[in-house]
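Going by the working numbering, the sequence shown opens with residue 2, and the numbers climb by one from there.
We put the CB at the ideal spot given by N, CA and C, even for glycine.
Okay, so here's the structure we're looking at.
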Amino acid sequence: MEINSATTSGIQVFLNAKERIEASASKIARSSIEGSPDDLIPALVDLKVAEQQASAGAKIIEVENKQVGTLLDLLA
């Protein structure tokens with residue numbers, strides 16, 4: 002059984018958000034070219050979800066870094 006660090010998990014969450022952002026941006030660009038506003042709203046909502054996902058990934062990494070720093074302070 003492999004146990005991943007929180008940083009690895011945070012990076013994976015962030016990369017998933019990046020992929021979601023790229024897909025949403027592509028849909029938004031395609032919608033503006035084709036003039037189909039029906040595709041625009043779900044793409045904008047998905048873009049906002051991806052923003053929150055990226056923020057969560059960054060927070061995971063930040064929290065683990067603080068925990069490691071606290072452990073190092075206790076050992077010093």
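field: CB contact flag (ALA1, ALA55, <8 Å)
entry: Because the chain is modelled from 2 through 77, residue 1 falls outside the range shown and cannot be assessed.
message: Check this for me: beta carbons of SER32 and ALA44, under 8 Å apart or not?
response: It is a contact, given that the beta carbons lie within the stated cut-off.
- request: Return the chain-ordered list of same chain residues with a C-beta closer than 7 Å to the C-beta of VAL14, the five sequence neighbours on each side being excluded.
  value: Excluding positions up to five away in sequence, the list reads GLN54, ALA57, GLY58 and ILE61.
For ASP40, the three-state DSSP class (helix, strand or coil): Note: ASP40 maps to coil in three-state DSSP.
field: Beta-carbon proximity list for THR8, same chain, < 8 Å, skipping 5 on both sides
entry: ILE61, ILE62, GLU65 and ASN66.
- request: Could you tell me whether the Cβ atoms of ASP40 and LYS28 are closer together than 8 Å?
  value: Taking 8 Å as the Cβ cut-off, ASP40 and LYS28 qualify as a contacting pair.
query: Would you report the Cα separation of ALA30 and GLY11, rounded to the nearest angstrom?
result: Taking the straight line joining both Cα atoms gives about 28 Å.
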